[in-house]
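In this note's numbering, the protein residues as written are 11 to 297.
Notes for the one structure printed next.
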Ligand SMILES: NC(=O)c1ccc[n+]([C@@H]2O[C@H](COP(=O)([O-])OP(=O)(O)OC[C@H]3O[C@@H](n4cnc5c(N)ncnc54)[C@H](OP(=O)(O)O)[C@@H]3O)[C@@H](O)[C@H]2O)c1
């Protein structure tokens, strides 16, 4: 199958590229295709003639988005809208990736796909607008909502913790936000499985995809330091304190609970999502 992958230099884009060897890939980085440019999107489809498109491009700077609203919406709403229109024109499916930050975090159990959305910030609102555009313009589409993405590349919590852990003895990490870390590599594996099944069984729609078990940023940080210790990385950090969201104010509000129920994905695609701890070991090793 001929697959077009946008945002190819991002965390997910790189893993899609790495795992996509059974397909003919056209991977385009931001400087090769700006998805918010409708003409450029059309030219790219015309040049490559893809059988399906995977959108791994996004504006992901959650705090910066609060003051950079126009750009966040141009990338996260207008970009998917352009891809979806072009997919409809070419009669091909679009796989789009969205976020747990479309939820406000007030639910006490895990979020299911049809729970009401109410993004707490600009990033979530722009991603939700992208979801709406994909459903409005594409004919065959899949939206995978994921959370707390990490890999050996790009900006993510694992890399930040390893950097801070090498610099400081003591760290305070937020312990009252609950979610599921998800390795970009596991998400890429899931996307290829879902695309295969989508084409065979016509099972399009919204799905949640994150790795078990739920934790907090504090729990995740402790696991990262324990893994770094196992792999003899020689970090300086010896004390990790649990702090609250109010101790660590950020420009963007974040959901207190963004744990998502992924059983619809696992059952539909007969796909067992691996625990994030297994992926963490691989990512720390790769780094
Ligand atoms: N990261 C997370 O924790 C997280 C959590 C939940 C959901 N998600 C979703 O998961 C998906 C993958 O995220 P990720 O972590 O792989 O993001 P990422 O590492 O930030 O990668 C996004 C890529 O998109 C590119 N990009 C930005 N604007 C673009 C544009 N106008 N046209 C084309 N490319 C553009 C970026 O290039 P530049 O760097 O050059 O701008 C970057 O290479 C996204 O849909 C994201 O919203 C991520």
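For each residue, glycine too, the CB sits at the ideal point set by N, CA and C.
- A distance of 8 Å or more separates the beta carbons of residue 187 and residue 109.
- When C-alpha distances from residue 193 are compared across 271, 102, 166 and 172, the shortest belongs to 166.
- The Cβ atoms of residue 266 and residue 73 do not sit closer than 8 Å to each other.
- With a cutoff of 8 Å on beta-carbon distance, residue 136 and residue 231 are scored as not near each other.
- Under the criterion of beta carbons closer than 8 Å, residue 106 and residue 131 do not qualify as touching, at roughly 20 Å.
- In the structure shown, the three-state DSSP call for residue 142 is helix.
- Spanning the alpha carbons of residue 216 and residue 142 requires a straight line of approximately 11 Å.
- Scanning 224, 128 and 185 for the CA closest to the CA of residue 112 turns up 128.
- Taken in chain order, the unbroken stretches of beta strand (DSSP E) that lie wholly in the region 97 to 150 and span 3 residues or more are 104 to 109.
- Contact holds between the region 156 to 175 and the region 19 to 34, because three or more Cβ pairs, one in each stretch, are under 8 Å apart.
- Per DSSP, residue 208 is one residue of the alpha helix (DSSP H) stretching across 194 to 211.
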